[in-house]
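Peer 1: What follows is a structure written as structure tokens; I'll ask about it next.
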Amino acid sequence: MSYDLAVWEGERPADDRAAVRTFRDLYDRYVDTEVEHPPTERIAAYVAALLERWCDLTEDVNETSPWSTGPLIKEASGPLIYFPMQWSRAAEASAYAATLADSMGLVCFDPQHNQLRP
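In the working numbering, each residue's number is its place in the sequence shown (first place is 1) plus 19.
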């Protein structure tokens, strides 16, 4: 089982309901499509910052990475990254990912609870 998180560029939605609509729109446009969209510069920088804290799953020889997929950058598409993490590591990793997103001016959304983070 994994815990998913979504991070995107753009204005922070006014509330959780608006965030759900924004997430679904971005998901439909950038994830649920046949068209490949390279990650934007800001999203690529965000992924690089996450990987400074924990290594990519593809390089994890000590089993310390919280990510459930690798390479992590493959989960990024355009202005959105929608990525899974191990359930057992989700509290720590998602808190860090949300704080990092906020510090970089990105929006963080928890699709399990349909709410903005932090």
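Note that the Cβ used here is the ideal one computed from N, Cα and C, for glycine as well.
1) Note the first and the last residue of the continuous alpha helix (DSSP H) segment covering Ser21.
2) In its own chain, which residues sit with a C-beta less than 8 Å from the C-beta of Glu111, not counting the 5 before and 5 after it?
3) Count the other CB atoms, across all protein chains shown, that sit within 10 Å of the CB of Pro98; report buried if there are 16 or more and exposed otherwise.
4) Let's see if you can read the secondary structure: which residues bound the alpha helix (DSSP H) around Leu69?
5) Please state whether DSSP places Arg136 in a helix, a strand or coil.
6) Rounded to a whole number of angstroms, what is the C-alpha to C-alpha distance between Arg43 and Glu82?
7) What is the DSSP secondary structure of Ser107, reduced to helix, strand or coil?
8) Short check: CB of Glu30 to CB of Arg61, under 7 Å?
9) With distances taken between CB atoms, is the gap from Leu91 to Val26 smaller than 7 Å?
Peer 2: With the structure as the only source:
1) Careful: Ser21 lies outside any alpha helix (DSSP H), inside the beta strand (DSSP E) at 21-27.
2) Pro85
3) buried
4) 60-72
5) strand
6) 32 Å
7) helix
8) no
9) no
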